[in-house]
Each structure stands twice: as structure tokens, then as C-alpha cells.
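There are 2 protein chains.
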Amino acid sequence: MNATEPKIEELKQRLAEINDVRSAAAVLNWDQMTYMPPGGAEARGRQVATLEQIAHEKFTHPSIGRMLTELRSLERTFPADSDEAALIRIARRDYDRAVKVPPAFIAKFSAHQSATYEAWAKARPANDFAAVRPYLEKTLEYSRELANYFPGYDHIADPLIDFADFGMKAATVRALFAELRKELVPLVQAITAQPTADDTCLRQKFPEAQQLAFGCAVVKQLGYDFQRGRQDKTHHPFCTTFSLGDVRITTRVKEDNLGDALFSTIHEAGHAMYEQGIRRELEGTPLARGTSSGVHESQSRLWENLVGRGRGFWRYFYPKLQAAFPAQLGSVPLDMFYRAINKVERSLIRTDADEVTYNLHVMIRFDFELQLLEGKLAVRDLPEAWRERYKADLGIASPHDRDGVLQDVHWFGGQIGGSFQGYTLGNILSAQFYDAALRASPGIPDQIANGEFTTLHSWLQENIYQHGAKFTANEIVKRATGQPLTIEPYIRYLRTKYGELYKLG
Amino acid sequence: MNATEPKIEELKQRLAEINDVRSAAAVLNWDQMTYMPPGGAEARGRQVATLEQIAHEKFTHPSIGRMLTELRSLERTFPADSDEAALIRIARRDYDRAVKVPPAFIAKFSAHQSATYEAWAKARPANDFAAVRPYLEKTLEYSRELANYFPGYDHIADPLIDFADFGMKAATVRALFAELRKELVPLVQAITAQPTADDTCLRQKFPEAQQLAFGCAVVKQLGYDFQRGRQDKTHHPFCTTFSLGDVRITTRVKEDNLGDALFSTIHEAGHAMYEQGIRRELEGTPLARGTSSGVHESQSRLWENLVGRGRGFWRYFYPKLQAAFPAQLGSVPLDMFYRAINKVERSLIRTDADEVTYNLHVMIRFDFELQLLEGKLAVRDLPEAWRERYKADLGIASPHDRDGVLQDVHWFGGQIGGSFQGYTLGNILSAQFYDAALRASPGIPDQIANGEFTTLHSWLQENIYQHGAKFTANEIVKRATGQPLTIEPYIRYLRTKYGELYKLG
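If you read the sequences in order, they're chains G and S.
Counting from 30, one number per residue, gives the positions in the first sequence under our numbering.
Counting from 30, one number per residue, gives the positions in the second sequence under our numbering.
Pasting the structure below:
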């Protein structure tokens, strides 16, 4: 950004300071998940809360509002797609959102979220929905209150969806999901009518150190830059950004399941390459982040699924994987391995689901969020509703809430509303972006089969990564693919891949 | 602290918030030294600076000054040795100091210190004093300016010494060091007239993993709590506190030198046990830290030297060390090992020096600090003065500045003045405290020889650790030992130990 305008420079400086404080909170969170000794937990919670409060106070300070108002006329002198106009526009959008929610409410809700998380962390292994029910009822109440700080919505979930996926509404997502569902349900039926794939080859003992080394070697070759990142172990994998020069990923390793760490590493590296690829000029500004939950997820799923579960990818990597685990995989043919990592089944747990059924899990949660917010479903009826819906959509249901309504952290550490649609939007977009990349460079599949990822990485860099949050999700999709969001490439991808795998008519 | 007084509660809350921000900066520094990828460096420097500036602004805010003024009358209603009175007293002392230095000066000096550090990090391996000379001249200028924000001193070094060792002055330290020197010089002469000890047993190859495991096992047994701490590797060992429940140490390992990691681990654990032992009621206040540089160092040196280099300690631990390194030490007798870890020699590098000559290294630096500040020594003459003084005091001198004036980071990352006296004050106090502990519990040496450290640890906990910065160094020494600071126990300790080791008359 060549913003030599003193007023823009001043805004950038103020925002950079706020960003420094938020980055510090991110480092403290990362440390808590990776290396912090147990005794540090109590003070750490307070330290993070203090930093977040300082960042919030500094950002919602009236002087920022005044600066943004004063910049309105200057903004119009820059082209809408300039860094300068985008900076002012996105900063104003963030500011307008932030000032609408009273600090006292944030403090109250935030404390409630921590308490709910603690309760859930105990209740889930104990299979005890009753223990968290009052917390969740309060969460629903707070989620409604949060939405109501943004009056004028069509659906009460709209403001909450908008936080994560700007420009999306309950109605849009609902229509999109209905369309997708119409395609997915018969596909799942057709697949599950076939004999299930054999994935025992993934269920042997794979020592942790070799799993980690292999995963790191893979994502390095995909383009994740370890000079500007690193991988550590945590209970749940995540990606976190401290600066554009320090974007870290984490993973967990199950020694009896080869796919778990490997695909989570590729998934998180996909998120991380997005943030590592943001133009350095945007550092410290609100543009230096992914543009939406859906677009962010599209980048992780593209690498994890369209690339990382593809046949071409393993044509290159499988001999290397066999060399890393000769005793376990030496006599397993590539085709058997490929089928194993793409096994489709009706299952209970979202995070373990294959790419075909995964979206059905997401839609269940999305629909429940809407019904809860609308008041059509009560929290006390949720466990039973969950079982019924799983039976209807996936043909199975667990008698245990720990594998049902208690399985996901989202509602128990955050809000109800806006938490899930990004996963399926990401799946849809991953195929739409990949399709566009292939139209631009039809040689990409052959390159992948030779372990070359530069062309694909560069296309993503050029069309998505570099822009950060400068363009909205809708703008990015339009610019990168020439079309608005469409499920067509995703459906085509699933039909082709799984049609071949399961020999469907 | 049972401070139910609303005004004290309010002060504590404000100070806790500032402490949270400082702790966050400490986490960011730790991360930078341990795990941060190279690409993170640039933004990290700015993030830490932002946090430090926020903490400084919040602490020097006039409202803190008003609160402290208003608390004067309340302070008098509490006994001087109550937590409440101490909190107000120490907070006021910190505040009065902080507001005397203009923020613009801090920013300027801080930027200069970073630049000097960068220049030194290149100049030291290149043996290039000329490259850092202009930086150091500026540092001297800034150090004088800093001191001059505290007018009314007897010696210009006094304010700088006072920051680190409250209550100490150049004249006091000078007199104390002269007294100690009179004892040390003949002792060093007598020892070095004897045949040097053979320490080749320490100079074999000792694999890193076993060194780290042994060091951790040792400090765990001494009382370092790994539930509230951890050890990581860094270029230079240090101890850092994020909260009383999270006090971490770092070490470095040289595979060809067994003593290096082991004694640095014990040293840093000594610092850490001090901070882990501070009463939880003081958490978040300015009392939750070591009381002075000298007292802090006394805790690391007590464990490192008086305990960790003692014969009784190794009577217990040596068989375990031999079991960890059977090929290297299996046939080395305890006595040979004990002599090796206590080898005295005239050497060039302070951090590698034995406990007898160590203080001579410190005194050289202390004297130079005074002369530089007084204007009696010019920076350009420092390398030559260094060589002359080393020849005079230690009988050797390096032609290379990298092993001379460039060896210590202190002047190149901080200020000139107040940086070194704490090391020797710590040595003196380590013996005075240990002597008092033994008077209270004469069984301690026998317990140590049986691997029991609880009595000693509890004495330190009771008399030193728990109080944090509630009492000044002078008060702590008086309370814990019944006497003011005295070199007598330290001299007696050295004479006894080294008289026996080197068979001196």
C-alpha cells in the first residue's frame, strides 16, 4: 500500500497497534495449547482477556470513529479496488460492528463462554447433556441478544452468519444447502448401496515421529513455508497467525490411524498458505486476514481433499509413504490405499466424516441453529432431535450424546448461529476455485502426479491469497472464477470421483 | 493479601492489568527465543514494543499517581510489614521512578539498544570492536542521561545501581568489593600455585537427550515444580515468569561439556524456585517478583554452587550420573569428578569462570562502568584497558576483543551502569543465606548427601521466596540471617572448600 496520505498513515498506525495486541493474544493462546504447564492456566485466561479488552477499547475509541468519518471524502478519491479504499472500507465495517455491541455484554458473554467450555469439557466424556443444558440455554439467549444489536435483519441468524461469512444470509444459505442436499442424498444412497471400502491398511501402528516427519515433508512441498511457520502438537489441530511472517499450524497424531494427522496437517497447511500468501503491504491492517470463513475453509479443503485425496497426488507420494512405513504399507497396493483414504460411510462424527457425507453433518447443525434461534426448537429437545435427524439423514444415530449433540465445541465455546455454514461453503468453493485453476492451467493434474505444486499454488496466490480480506468472498469468487458461487463444479467433482471409485452407473 | 479496602482493591486491579500486559510481552520474548520461525522476527519486535509502551502508558497514567497519593493516609493505618503497606510503598516507588523518565527518551534509548544489540551480535564473532564503538559511546551518553533524570545522587552510577539493587550505591558496593578482593586475590594466588585440576572427564561426548533428562530430574528433586514450569532450549539460558503458576527456565547443551547444561539448569532453577515460591496472594502485584538483582542471584548461586558443586550433593547424585553415562563416567571416581567440577583457573570468560575467580571478572566490569560514567575512561580506550586489567587481576589477557570487552551482552543490549554488581552481591548472599539455613537446621548437609532437599527448600521458602519484593534486599537479609550483608560466610565457605580441595595450608 503506497498510502502516503497522512490521515491514512495515521489510521494504519493505530490499527497496527491494535493488531499487535491481538497478535499477542494469539501467541498466548497458542502457548496455552502447546507448551504451557498446567499451573499457568488460571493467569493465562486473565492475561488473554486483558489483551482482548485493551484491543477492543482501543478499536472502539471514538477517535477511530472520527478518523473513519473524516476519511470518507478521501476514500472516494481512490478506486474502489485500491488498497486505500479497501482499508478504509473494511476498517469502517469492523468498527461499525464493534461499536454496536456494548462492552458489558461482551464481558458477560465471554465469561459465560469460558464457563460453558469448562462445563462441556467435563460433560462430553461423561455423556452428560443435562450438565450443560442450562449453559446452552443461556448461550442461546446471549446469541439472540447479540443478533439483536444488529436490527433490521430478515432472519435472526443473519447478523451471526454475516460475522463469519460477510454477505451471506440464512435464506441464501438455506436455498444453497437445499440444492446441494438434493444432489448429495441420492449420491450417498448409491455409494452406500455398494460394498464399503476396506481401510484396515490405515489402521495399523504408525509411529508418531515418522508420521510427523512425513506430514511436514508433504506440506513443505505443497508450498507451506517453514521459515515463516512451524508445526506443533495440540489436542485439536488449528492454524494461527501472529504476523504474515509467522503463520503456525498444529496437529495431533493417532498412532493407530495414519489418515488423521496426515490430512489434518494438509488441511491446516491449506489455511496457513492462504495467510502466508497475503501481500506484505497489508501487514498490520484489517486486510491481512482471510476474507471469510467459507473462503478460508475452501483453501484448507482444496489441498486436503481435491489435491490430497486425489489419485494423482498419491501416484507421486505413495512410494514415499511406503518407504516411510515399509512394514505397514510395503505390500499394500496404491489402489487399495487410495480407496481407504476415500472410504464413504454413514457415520456419527462430523470431523471424521468423508467428503461426501460431511456436508450432511454440517446441514443438520446449520438447520438446528436456525430452529433454535427462531424458537422452534428448545435446547431440552435438542438431543432427541439430533438422534432423529441423524437417523433420517444418515441412517444411524448414537444413543450417547457425547457422539451426538455434545461432539462439537462450537456451541459450547462460542455462540449458536453462524458457526457451521462456512464448512460447506468451503467445500463448494474448493471445487469452484480448483475448477477455475484447471481452466487456466489444464496441466495441473499432471504436475501434481509429478509432485509439482507450483502452478496451482501460484494461481491461488495470485487469485486468492494475496488479497487477504481486501475483497469480500463474493468479489473474490467472481474475480477468480468469473462466476458467482455455484455448486456445479463441486457436484461434478464428487460424481466423477466417487462414480469411478464406487463404479456407479 | 486480605485487602478488602476498595481503594486498595482498585489499585490492585489496575496493577494486575498492567502486569498482564507485561507478562504477555514476556511470553512473546520467550517464544522468540525458543520456537519462533525466522520470518516472525520483524513483527515480533514491534509487538513487544507495543505491549511495553501500553504497559508504560497505563502505569504512568496520572490516575495511578492520584490513587497512590490518596492511599498515603490509608497506608499509615497498616503495619509497615503488612502486604497492604508494602503494596502501596513498592507501587509508589516504581511509579515515582517510571514518571521521572520521559517516554520520548525511553523510546529513543530502547530503539538504540535494539540497534546496538544487532550490531554487537555481528561484531562479536567478527572480533570488530570498531563496529560497535559508536553505538557504545551513544549508550554511555544515554546511560548518563538516564541517571540524570534522578538528580541528587552521590555518584552518577547510583540511580542505575538502585534500579537493580535497591538501597545500594556505588560507594557501598565499591567498599564491599574492595574488602572481598583483599581476600580473593591471595586465595586465587594460592590455588593457582598448585597443580590444576584435571577436568577431562567432563570433556567427553555426552548426548543431548540424556543431559537434558538428567538435568530435569535433578532440579525436580531440588524442588522446581514442573507443573508450574518447564525447560526449553535457547542460545543463552534464562528464567522467565509469566505468572506464579508458570515460571519457565531454558538451557543450552554442549555435547562436549557435561557441566555447561547441568549447572546452568540448576542455576536457572534456583531463580525459578524463588519466583515459584512467592505467596499466591501477591500474584499480579509489583510484589510478585524477586526483590533485587543480588537476592535473585543469591538463589541461583546457592543451588548451583553451594549445593550443586558440593561433595555431599554428588555423593547422592554421582552414581545416578554414572548410570546415565556409563561409558563416559563409569570408571571415573567421585573424587576426580568433584575436582573437575570445581576446577579453579585464571580464565578469560566470565560465564565460564569458576566460583573463586568469578568475582574478579565482575569487579573489573563494575569498576569500568564507574570509570566510564565518571568520564575517566573513554569508550575508545576500553579494549586496551580491558586487556591491562585482565593481565593485572587474572594474569591473562586475550588479544581478541571477542573474548575481551565484547564478551558480555549487558552493555550492548542495555545500559552502562548497574548491570554487574548483582552477580557478586548474589555470591556473597548465597553463602550468608546458606549459613543461616544451616544454623537453623544443622542436618541440611547430611540430608543433601541423601538427596533430601526439603528442609533447605522450606527454609528458603519461608525466609526468602514467599515474600517476593515485599521486603527490600537489606530487610530480607536482616530478617533471614539476623545480620546485615557480610562477606564473612562467603569467605569462610571458599576458604574451607578450596583449602581442602587444593590442600592449602
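Note that the Cβ used here is the ideal one computed from N, Cα and C, for glycine as well.
| message | Using beta carbons (cut-off 8 Å, strictly below), is alanine 32 (chain G) in contact with chain S? | response | Any reading at alanine 32 (chain G) needs caution, since the residue's pLDDT is 49, under 50, leaving its predicted position unreliable; the model's value is listed next. Not one chain S Cβ lies under 8 Å of alanine 32 (chain G).
| Taking 8 Å as the CB-CB limit, is glutamine 240 (chain G) close to chain S? | Under the Cβ distance rule, glutamine 240 (chain G) does not count among the residues neighbouring chain S, no pair being separated by less than 8 Å.
| request: Using a Cβ cut-off of 8 Å (strictly closer), state whether glycine 252 (chain S) contacts chain G. | output: Chain G contact via Cβ: absent.
| query | Among the residues of its own chain, which have a CB less than 6 Å from the CB of valine 282 (chain S), if the five just before and after it don't count? | reply | Glu237, Gln240, Ala290, listed in sequence order.
| task | Go through its chain and collect everything with a Cβ distance to alanine 509 (chain G)'s Cβ below 8 Å, but skip five positions before and after it. | result | Short of 8 Å from the beta carbon of alanine 509 (chain G), and not among the five residues preceding or following it, lie these beta carbons of its own chain, in chain order: Phe462, Ala465, Asn492, Ile493.
| query | Considering only C-alpha positions, which residue in the set S:His496, S:His390, S:Ala70 is nearest to phenylalanine 449 (chain S)? | reply | Ranking S:His496, S:His390, S:Ala70 by Cα distance to phenylalanine 449 (chain S) puts S:His390 first.
| message | Is there a C-beta anywhere in chain S that falls below 8 Å from the one on leucine 80 (chain G)? | response | Chain S contact via Cβ: present.
| Roughly how many angstroms lie between the CA atoms of alanine 32 (chain G) and alanine 70 (chain S), to the nearest whole one? | Bear in mind that the predicted position of alanine 32 (chain G) carries a pLDDT of just 49, short of 50, making it unreliable; the figure below should be weighed with that in mind. Approximately 24 Å between the Cα atoms of the pair.
| field | Three-state secondary structure (DSSP) of lysine 283 (chain S) | value | Reduced to three states, the DSSP call for lysine 283 (chain S) is strand.
| Which residues in chain G sit within 7 Å of glutamine 76 (chain S), going by Cβ to Cβ distance? | At a beta-carbon threshold of 7 Å, the residues of chain G lying near glutamine 76 (chain S) are Asp49, Ser52, Ala53, ordered along the chain.
| message | Going by DSSP in three states, threonine 525 (chain G) sits in which element: helix, strand or coil? | response | Helix at threonine 525 (chain G).
| Are the stretch 291-310 of chain S and the stretch 256-272 of chain S in contact at 8 Å, needing three or more beta carbon pairs? | Segments in contact, yes.
| Using DSSP with H/G/I as helix, E/B as strand and the rest coil, what is valine 276 (chain G)? | Of the three classes helix, strand and coil, the one that applies to valine 276 (chain G) here is strand, per DSSP.
| request: State yes or no: is the beta carbon of tyrosine 64 (chain G) nearer than 8 Å to at least one beta carbon in chain S? | output: Yes, tyrosine 64 (chain G) counts as interfacial toward chain S.
| request: State the beta-bridge partners of aspartate 261 (chain G) as determined by DSSP. | output: BP columns for aspartate 261 (chain G) point to G:Thr279.
| Beta-carbon separation (whole angstroms), leucine 489 (chain G) vs isoleucine 473 (chain G), contact threshold 8 Å | Contact between leucine 489 (chain G) and isoleucine 473 (chain G) is ruled out by a C-beta separation of about 11 Å, above the 8 Å threshold.
| Do we get a CB-CB distance below 8 Å when we pair glycine 244 (chain G) with the residues of chain S? | Not an interface residue.
| query | Beta-carbon of proline 315 (chain S) versus every beta-carbon of chain G: anything under 8 Å? | reply | Proline 315 (chain S) does not count as touching chain G.
| Secondary structure of alanine 32 (chain G), DSSP reduced to three states | Low per-residue confidence applies at alanine 32 (chain G): pLDDT is 49, beneath 50, and the placement is therefore not dependable enough to give any value.
| said: Spatial neighbours of alanine 356 (chain S) within its chain, please: C-beta separation below 8 Å, excluding the five flanking residues on both sides. | reply: Closer than 8 Å at the Cβ level, and outside the excluded window around alanine 356 (chain S), lies no residue.
| message | Can you find the residues in the same chain that come closer than 6 Å, C-beta to C-beta, to aspartate 187 (chain S), ignoring five residues on each side of it along the sequence? | response | Only Lys198, Ala199 meet the Cβ criterion.
| 6 Å Cβ shell around leucine 467 (chain G) - same chain, five flanking residues per side excluded | Correct list, in chain order: Ile473.
| task | Could you check which residue in G:Val373, G:Phe158, G:Lys372, G:Glu312 has the C-alpha nearest to that of arginine 29 (chain G)? | result | The displayed coordinates of chain G run from 30 to 534. Any statement about residue 29 (chain G) would go beyond what the structure contains.
| message | Please tell me whether glycine 181 (chain G) and valine 128 (chain G) are closer than 8 Å, where the distance is taken between their beta carbons. | response | Not a contact, by the Cβ cut-off of 8 Å.
| said: Which residue wins for smallest C-alpha separation from asparagine 371 (chain G), given the options G:Arg338, G:Gln351, G:Leu402? | reply: Here the closest residue by C-alpha is G:Arg338.
| request: Answer with yes or no whether the minimum CB distance from isoleucine 505 (chain S) to chain G is below 8 Å. | output: With 8 Å as the cut-off, isoleucine 505 (chain S) does not count as an interface residue toward chain G.
| field | Residue from S:Gln42, S:Phe107, S:Arg330, S:Asp183 with nearest C-alpha to aspartate 383 (chain S) | value | Selected option, being the one with the closest Cα: S:Arg330.
| message | Cβ closer than 7 Å: which chain G residues qualify as neighbours of valine 248 (chain S)? | response | One finds nothing in chain G with a Cβ atom closer than 7 Å to the Cβ of valine 248 (chain S); even the nearest lies about 14 Å away.
| message | Between which residues of its own chain and phenylalanine 354 (chain G) is the CB-CB distance below 7 Å, once the five residues before and five after are set aside? | response | The residues are Phe235, Gln239.
| The alpha helix (DSSP H) with tyrosine 367 (chain G) in it runs from where to where? | Where tyrosine 367 (chain G) is concerned, the enclosing alpha helix (DSSP H) stretches over 363-370.
| field | Contact set between the stretch 296-320 of chain S and chain G, restricted to residues whose Cβ is under 9 Å from the partner | value | Under the 9 Å Cβ criterion, the stretch 296-320 of chain S contributes Gln305, Glu312, Gly313.
| Since glutamine 256 (chain G) meets chain S, which of its residues come closer than 8 Å, beta carbon to beta carbon? | Within 8 Å of the CB of glutamine 256 (chain G), the CB atoms of chain S belong to Pro66, Pro67, Gly68, in sequence order along the chain.
| Using the C-alpha atoms, what's the distance from glutamate 374 (chain G) back to threonine 501 (chain G)? | Straight-line Cα distance between these residues: approximately 35 Å.
| said: So isoleucine 93 (chain S) contacts chain G; which residues on that side make the cut at Cβ distance below 9 Å? | reply: Per Cβ cutoff of 9 Å: no residues; isoleucine 93 (chain S) is ~16 Å from chain G at best.
| Closer than 9 Å at the beta carbon, the chain S residues around serine 272 (chain G) | Within chain S, the residues near serine 272 (chain G) are Gly68, Gly69, Glu71, Ala72, Arg73, Arg75, Gln76.
| message | Pop quiz: glutamate 304 (chain S) and valine 276 (chain S) are said to be a contact at Cβ under 8 Å. What is the actual Cβ separation, rounded to whole angstroms? | response | 5 Å between Cβ atoms; contact.
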